[in-house]
Each structure stands twice: as structure tokens, then as C-alpha cells.
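Input: a single structure, listed below in C-alpha cells.
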Amino acid sequence: MTNDTRHETSDPKSNAKQLQQAAATLAGGKGGVTTADFQTEAPTLKSNTNSGNLKRMDAQFDFDKPSQPRDKKKGPRGAVDSPRMSFANQQNWRSEAVRDWHARAGDLARQMEVQSPSLFQTPEIQFPLGALRRAGSSAAQSDAIYRSFLTRATDDATRSLAQRELWAGQFATAETPRAMAVCRRANEKPRLDGVLSDPCWQISTELMLTREAVRDDGQSEPEPTASLVMLAYDAEFLYIGLSVPRLDGAPLDRPESKGRTHDADLNRHDRVSIALDIDRDYTTWYEFQVDQRGWTSESCWDDRRWNPTWYVATDADDSRWQIEAAIPWAELAPTPPQRGTIWSAAVTRTAPTVGMQAWIHPMLARPRPSSFGLVRFE
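Using our numbering, the first residue of the sequence shown is number 47, and each one after it goes up by one.
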């Protein structure tokens, strides 16, 4: 990503870039980082939950206490700055930032429609614009955008994405999309130790990561080496559980928390990547990667300067490795999702020298719009 802040309004391609940035980045609150192209116009959002250092959350931390975790950042007078307080303090600022970006994105869209109507009509512009309209409570305008692609899309992937968005917007199609997972509310917080024995995991939907796509007729047998991904949430955290079988020829590293930091080089390790597109613009997303050791790497719209606070615990034996993670909502969105909220997500596993597994196929090392499925909060 270049650090070029110059944009000429007479250049249609520059306008396209601006519209994608403005319409996509904050339509649903993806405000964890300001991209280089907009550094001169908007300040970077910073986490107030703690210092930003990655921590192992396991038996040392007790989620049953009202102001978790224990080793909190202290304010200037020694007062505890709890995640709840920090989140509340950020909400108003973030909401104002979102509204400002929405207004600018709308202005850019109107400019592009006049100056470059053919570029304006491409999926790369229209899908972020649909997300912007939906975020602005213009569901009818958003649906009209997606509905237009049912007839004029030149490829099956774009047409399928439009059908899915129509369903997600107003359940306008009769059949529930196959590529959809349910994220259920946890009645009690899990103990983050990597064991995955907590009640929230017993009732969660399992997303299978496979080498080949599961057949539509449902007759294919699950792969014995399929990896499992589970999601849960409450008012403060999104929880992620991973159960990953070891593969012949893949690295055998065991959990290691010493020296752990943000943005570690995971290329030589067995790892899972989770991309979260919270506004379903299919252009920008958060990406969380974690490997078999429990080491992590994170980015927002490919910007690795974004270093969120999140909590990771690892467990492993000779047959598999497991992860339990908790991501504060303060790192993801102005407000937690409500019941019925729908995000999109792409999940892949990469085992060096062995191959890849994915939730949605075709399998790609870098997510594309066709790599995403839907996640509904219940």
C-alpha cells in the first residue's frame, strides 16, 4: 500500500479507489485503522482496552469477575480502565466517524456516477455502495443494487453473491444459503485454555475446513482430516474455537507463548486465517491469523499496523492442536452485533508443504468475495 494522499477528482480510477475506501471501510464500523491514503483526513483509532500487547488468557484470568481480565491497564490515578468503560467511551467517537465517512462516500459516489458511469456500475464499486446504502437505512436502494446483478452479472460468482445479499438483507429468497454459519450467544464465558470443553462450544455450529468442496447433495462424507471452527459471543467478546488435526508432513511445533508478539511470521507454521467482513462490502475486512504455537498476525484491510488486543490460548497433543480466542467488540465495531445481525467471513487453514483447507471453495490463499460465507448472530 503506498503512502500517496493525492487524488484528482478528474481521474475516474482515482475516484473509484476513493469510493471503495470511503464506502467500504466504515460502513459497518471497520475503524480499527486509518489507511495510508486517508491519513491526512482522518485520525487513527486506537484501542483503549489495554496496552495492545497480546496476552495468553488461560487459568490466570477469571471471566467470572465483572471487570475482567485481571492485569488491566491503570489510568493516570490508578483507576481500573475496564473493557466495558473503554468500549463505552469509544462508541460516540466512532459513531461520529462512521457518519462522516458515510457522507463523504456518498459525495464520491455521486461524482463517479457522473464522471465515469461505466466504472460506477462495476461490482467492485456497487457492492461497497450497497453496503453503504444498507448502513444508512436505505434497504430498498441496497436491494435494488443487488437485484440488478441477478440479470446483468456476467459470472456465476457475482450472481451468487447478489442472491445471498438479497437473502441476508430481507430474507428475500426462499432458500437459506448453504454457506451460512450460526454464531450463538454464550450463556457463560468460556475458560480460555484451549481445551474446548465449555458449554458454549457444545451448542455451537461447526464450520468444516476441507480440501475439497462439500457436495450440494449432502451425500459426501466429512474428511477425516477436516479442521473445525466454532464461534460464540456475548456482550463483550467474540469467541473463536479451532480444532485442527495434524497432517503428515506438516510442522509439529507445540504451544509456545514465550516471546509472542503481534504480526509474527507464521509462514513456516501450520496456521488458520479468519477474515471478518462486518459490513459485507466484500472489499475490506479484518484478518486474524493464529498458528499451532499460538502465535498471531493481524491486519485491517491488509494494513498490519493495526494491532488489536485479543486473547489466545493453545492446547495440543500428537493428533491435533486447538485454539481458544476472545476478541473484544471494542476492537471490531462501534457496538456489538444484535441478534439477527449478519456478517461475512472467510476461513482457511494453511499447512506448509502439505496444502490448504477452506470453509468456502474454491480455495484461495488470499480471500476474494467468493471466499466468504455468512455468519448470523443468534
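Even for Gly, the Cβ is constructed at its ideal location relative to N, Cα and C.
If you're wondering where the values come from, they're calculated on a predicted model, not measured in any experiment.
Check, Outcome
"Quick check on the DSSP output: the alpha helix (DSSP H) that includes residue 277 runs from which residue to which?", "Looking at the DSSP string, residue 277 is not in any alpha helix (DSSP H); the run it does join, the beta strand (DSSP E), is 273-279."
"Assign residue 172 to one of two classes, buried (16 or more other C-beta atoms within 10 Å of its C-beta) or exposed (fewer than that).", "buried"
"If residue 279 sits next to residue 229, beta carbons under 8 Å apart, how far is it from one beta carbon to the other, in whole angstroms?", "6 Å"
"Whose C-alpha, out of 341, 321, 372, 408, is nearest the C-alpha of residue 390?", "321"
"In angstroms, rounded to a whole number, what distance separates the CA positions of residue 274 and residue 288?", "6 Å"
"Could you check if residue 248 is buried or exposed, using at least 16 other CB atoms within 10 Å of its CB as the buried criterion?", "exposed"
"Give the secondary structure of residue 390 by DSSP, where H, G and I count as helix, E and B as strand, and everything else as coil.", "strand"
"Reducing DSSP to helix, strand and coil, say where residue 195 ends up.", "helix"
"From the DSSP secondary-structure annotation, give me the bridge partner or partners of residue 377.", "DSSP, once it has assigned bridges, lists no residue as partnering residue 377."
"Which residue from 402, 200, 410 puts its Cα closest to that of residue 256?", "402"
"Looking at the structure shown, is residue 190 part of a helix, part of a strand, or coil, going by DSSP?", "helix"
"So what does DSSP say about residue 146, is it helix, strand or coil?", "helix"
"Can you tell me where the alpha helix (DSSP H) holding residue 166 begins and where it ends?", "163-166"
"Among the residues of its own chain, which have a CB less than 6 Å from the CB of residue 304, if the five just before and after it don't count?", "none"
"Would you kindly check if the distance between the Cβ of residue 417 and the Cβ of residue 42 is under 8 Å?", "With the chain running from 47 to 424 in the structure shown, residue 42 is simply not present."
"Mind the definition here: the segment 237-245 touches the segment 355-368 only if three or more C-beta pairs lie below 8 Å; say whether that holds.", "yes"
"So what does residue 419 bridge to, in DSSP terms?", "391"
"Within its chain, find whatever has a CB closer than 7 Å to the CB of residue 196; leave out the 5 residues flanking it on each side and keep chain order.", "205, 208, 209"
"Could you tell me the distance, in whole angstroms, from the CA atom of residue 184 to the CA atom of residue 214?", "14 Å"
"Would you kindly work out how many angstroms separate the C-alpha atoms of residue 380 and residue 141, rounded to a whole number?", "6 Å"
"Spatial neighbours of residue 373 within its chain, please: C-beta separation below 6 Å, excluding the five flanking residues on both sides.", "284, 356"
"Taking the straight line between their C-alpha atoms, what separation do you get for residue 331 and residue 324?", "7 Å"
"For residue 300, which of 291, 367, 353, 407 has the nearest alpha-carbon?", "367"
"How long is the line joining the alpha carbons of residue 291 and residue 338, rounded to whole angstroms?", "10 Å"
"For residue 199, collect the residues of the same chain with a Cβ closer than 6 Å to its Cβ; drop the 5 residues on either side in sequence, then sort them by chain order.", "205"
"Name the one or two DSSP bridge partners that residue 368 has.", "289, 361"
"DSSP state of residue 215, grouped into three classes?", "helix"
"In the DSSP output, which residue or residues are listed as bridge partners for residue 141?", "The partner list for residue 141 (beta bridge, DSSP) is empty, contrary to what the question assumes."
"Using the Cβ count rule (16 or more neighbours within 10 Å means buried), how would you classify residue 188?", "buried"
"Exposed or buried, residue 420, counting other C-beta atoms within 10 Å across all chains shown (16 or more means buried)?", "buried"
"Report the partner residues of residue 335 according to the DSSP bridge assignment.", "319, 343"
"DSSP state of residue 227, grouped into three classes?", "strand"
"Distance, Cα to Cα, residue 298 vs residue 269?", "21 Å"
"Could you check what DSSP says for residue 75 in three-state terms: helix, strand or coil?", "Low per-residue confidence applies at residue 75: pLDDT is 46, beneath 50, and the placement is therefore not dependable, though the value from the model is reported in the following sentence. If DSSP states are grouped into helix, strand and coil, residue 75 belongs with coil."
"Pull the bridge partners of residue 296 from the DSSP assignment, please.", "Answer is none; residue 296 lacks a bridge partner."
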